[in-house]
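>
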Amino acid sequence: AFLQSAEAARQAQLDGLVGLALYGLARAEALRGHAAEAQRLGRESLAALEAVGHRQESEIVQWLGGLIEAA
Numbered sequence: 013a014f015l016q017s018a019e020a021a022r023q024a025q026l027d028g029l030v031g032l033a034l035y036g037l038a039r040a041e042a043l044r045g046h047a048a049e050a051q052r053l054g055r056e057s058l059a060a061l062e063a064v065g066h067r068q069e070s071e072i073v074q075w076l077g078g079l080i081e082a083a
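At position 52 of the sequence shown the residue is numbered 64 (the working numbering), and the sequence of numbers has no breaks.
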């Protein structure tokens, strides 16, 4: 569901929604034990949200920090 959401948001050029969908994908990958993919998606998510000044930027920064520490 997150992947379809990200693709639809990209087509509609809705960076905030792209960022949130990618964050969901990143969290799912982390739960599957795919840390490298989770980090990549998390960084991509953060970049999309920073581009629009989204309020969840700090949450993702913290999540990425915890993910990197756990690796």
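For every residue, glycine included, the Cβ atom is placed at its ideal position computed from N, Cα and C.
1. According to DSSP, is glutamine 16 helix, strand or coil?
2. From this set, Gly77, His66, Gly54, which residue's C-alpha is nearest glycine 28's C-alpha?
3. Using CA atoms only, rank isn't needed, just tell me which of Arg52, Leu34, Leu43 is closest to glutamine 68.
4. Less than 8 Å between the CB atoms is what I'm expecting for leucine 61 and glycine 36, so what's the real figure, rounded?
5. Mapping DSSP to helix, strand and coil, what is arginine 52?
Checking against the coordinates, here is how it stands:
1. Residue state, collapsed to three classes: helix.
2. Selected option, being the one with the closest Cα: His66.
3. Checking every option, the nearest Cα to that of glutamine 68 belongs to Leu34.
4. Contact flag wrong, Cβ pair sits at about 12 Å.
5. DSSP places arginine 52 in the helix class (H, G or I) of the three-state scheme.
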